[in-house]
Amino acid sequence: MVTPESELTEDERGGLELVRETGGIHQSEFWKELDVSSRKGSRIVESLADKGLIQREETVYEGHNTYHLTPAPRDLNFSLLMAGDMLSPFIGDEEVDPHSDAFSQWVMNLAYEE
């Protein structure tokens with residue numbers, strides 16, 4: 001179960017923000033960046049992991065056992081990429097031709113939804 005962020009302590013909010021900003025950080029660096037003791041850093045990590053806000057995976061970093069901390073996947077709303085049952089033509093690596101039939105159809109589907 002994911003705990004709402006409004007219920008976090010100031011230290012937990014700071015730790016969660018650090019993990020999200022970095023996209024992933026080793027626990028051995030986490031507590032140093034937060035300027036807290038390793039013990040307090042471990043408690044913050046454990047609390048955030050228990051609340052479902054971060055994921056923790058065992059790893060070896062600079063020759064020591066530690067954890068790699070990453071943000072937990074959030075519930076994502078993909079509806080903004082859809083027009084009816086069509087996925088946005090802007091998804092993918094290829095360049096989109098604004099004069100193409102696929103693009104025109106997608107825009108028309110957006111217009112008809114409103």
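The UniProt record's numbering applies: residue 1 is where the sequence shown begins, and numbers increase by one.
Every residue gets a Cβ at the ideal spot worked out from N, C-alpha and C, and that includes glycine.
None of the values given here were measured: they were computed from a predicted structure.
Checklist entry - How is the beta strand (DSSP E) around THR70 delimited, first residue to last? => result 64 to 71
Checklist entry - Does the distance from the C-beta atom of ASP85 to that of ILE44 stay below 8 Å? => result no
Next on the checklist: I'd like to check one pair, GLN27 with residue 121: are the Cβ atoms closer than 8 Å?
Outcome noted: Residue 121 lies beyond the residue range present for the chain, which begins at 1 and ends at 114; the question has no answer from this structure.
Next on the checklist: According to DSSP, simplified to helix, strand and coil, what is THR9?
Outcome noted: coil
Next on the checklist: My parser needs the alpha helix (DSSP H) runs of 4 or more residues fully inside the stretch 10 to 64; what are they?
Outcome noted: 10 to 22, 27 to 34 and 38 to 50
Checklist entry - Taking GLN55 as the reference, which of HIS99, ASN109, ARG20 and GLU95 has the closest Cα? => result ARG20
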